[in-house]
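The opening residue of the sequence shown carries number 0 in numbering that gives the first Met the number 0; numbering runs sequentially from there.
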Amino acid sequence: MTDTIVKHRDEGTLTWFLNSLVATKVDREGTAGAYCLMEHLLTPAADPPVHVHDDEDEAFYVLDGEVELEVGGDVVLATPGTYALAPSGTPHAFRVRTPTARMLVITSSATGGTNGGAEAFFRAAGTPAEAPVLPAPEAPDPVRLTRLAADHGIAILPPPAP
Numbered sequence: 000m001t002d003t004i005v006k007h008r009d010e011g012t013l014t015w016f017l018n019s020l021v022a023t024k025v026d027r028e029g030t031a032g033a034y035c036l037m038e039h040l041l042t043p044a045a046d047p048p049v050h051v052h053d054d055e056d057e058a059f060y061v062l063d064g065e066v067e068l069e070v071g072g073d074v075v076l077a078t079p080g081t082y083a084l085a086p087s088g089t090p091h092a093f094r095v096r097t098p099t100a101r102m103l104v105i106t107s108s109a110t111g112g113t114n115g116g117a118e119a120f121f122r123a124a125g126t127p128a129e130a131p132v133l134p135a136p137e138a139p140d141p142v143r144l145t146r147l148a149a150d151h152g153i154a155i156l157p158p159p160a161p
């Protein structure tokens with residue numbers, strides 16, 4: 000990791016994933032395996048199910064909008080400037096509470112992992128974005144999503160009982 004990296008808003012590898020725009024600023028390869036930094040542009044159509052990362056921590060930093068973060072059973076309304084960490088093995092999810100929200104997501108693995116983690120999952124389950132805009136919303140295929148998540152060390156948990 001000797002190269003200087005500079006990326007501006009919406010710059011980076013662009014992926015449409017779960018009705019959001021993900022701009023990967025730097026992946027693990029660019030940080031000698033230390034971390035991945037992504038900027039997410041989200042709407043309520045992008046809310047993920049509760050899930051757990053087997054081998055990586057996931058941190059969130061809200062830039063714009065409001066996002067309800069659920070980490071380990073605790074729920075907080077995150078506004079710009081809010082940071083939250085979901086350590087490896089901790090169930091977590093978020094729900095966008097404004098028409099759009101933007102947040103930074105940082106993933107890191109203490110063991111280095113072998114499955115590529117969240118960044119590889121987003122690429123596998125998403126599609127390359129044609130432009131730095133939100134995609135047309137579509138319902139995800141839950142079977143495909145769950146399988147791809149498992150392939151990348153992420154367990155999607157069943158919804159809570161009513």
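The beta-carbon is built from N, C-alpha and C at its ideal position, and this holds for glycine as well.
Smallest Cα separation from PHE16: which of PHE120, ALA31 and ILE153?
Indexing the sequence shown from 1 puts residue 16 at position 17. For the residues PHE120, ALA31 and ILE153, the minimum Cα distance to PHE16 belongs to PHE120.
Could you check whether the segment 133-142 touches the segment 21-39, counting it as contact only if at least three pairs of C-beta atoms, one from each stretch, sit closer than 8 Å?
No contact exists between the segment 133-142 and the segment 21-39.
Examine the Cβ distances between the segment 90-109 and the segment 39-53 and report whether three or more of them are shorter than 8 Å.
Yes, since at least three Cβ pairs between the segment 90-109 and the segment 39-53 fall closer than 8 Å, the two stretches touch.
Using CA coordinates, which residue listed in VAL5, ARG96 and LEU133 is at the minimum distance from GLY29?
In the sequence shown, the residue the question calls residue 29 occupies position 30. The residue with the shortest Cα to Cα distance from GLY29 is VAL5.
Going by DSSP in three states, LEU144 sits in which element: helix, strand or coil?
As a working mapping, residue 144 is identified with position 145 in the sequence shown. Looking at LEU144 - three-state DSSP - the assignment turns out to be helix.
Determine the direct distance from the alpha carbon of ASP63 to that of VAL142, and round the result to whole angstroms.
For this step, residue 142 is matched to residue 143 along the sequence shown. For this step, residue 63 is matched to residue 64 along the sequence shown. Cα to Cα, the separation comes out at about 31 Å.
If you reduce the DSSP assignment to three classes, tell me which class THR30 lands in.
Position 31 of the sequence shown, counting from 1, holds the residue named residue 30. Three-state result, THR30: helix.
Look up PRO43 in the DSSP assignment and say whether it is helix, strand or coil.
Locating residue 43 in the sequence shown gives position 44, counting from the first residue. It is helical.
Per DSSP, which one or two residues make a beta bridge with ASP73?
Residue mapping note: residue 73 aligns to position 74 of the sequence shown, counting from 1. Answer by DSSP bridge pairing, in chain order: VAL70.
Tell me PHE93's beta-bridge partners as DSSP assigns them.
Numbered from its first residue, the sequence shown carries residue 93 at position 94. According to DSSP, which records beta bridges pairwise, PHE93 is partnered with LEU68.
Reducing DSSP to helix, strand and coil, say where ASP54 ends up.
For the purposes of this step, residue 54 is identified with residue 55 of the sequence shown, where counting begins at 1. Three-state DSSP puts ASP54 in coil, outside helix and strand.
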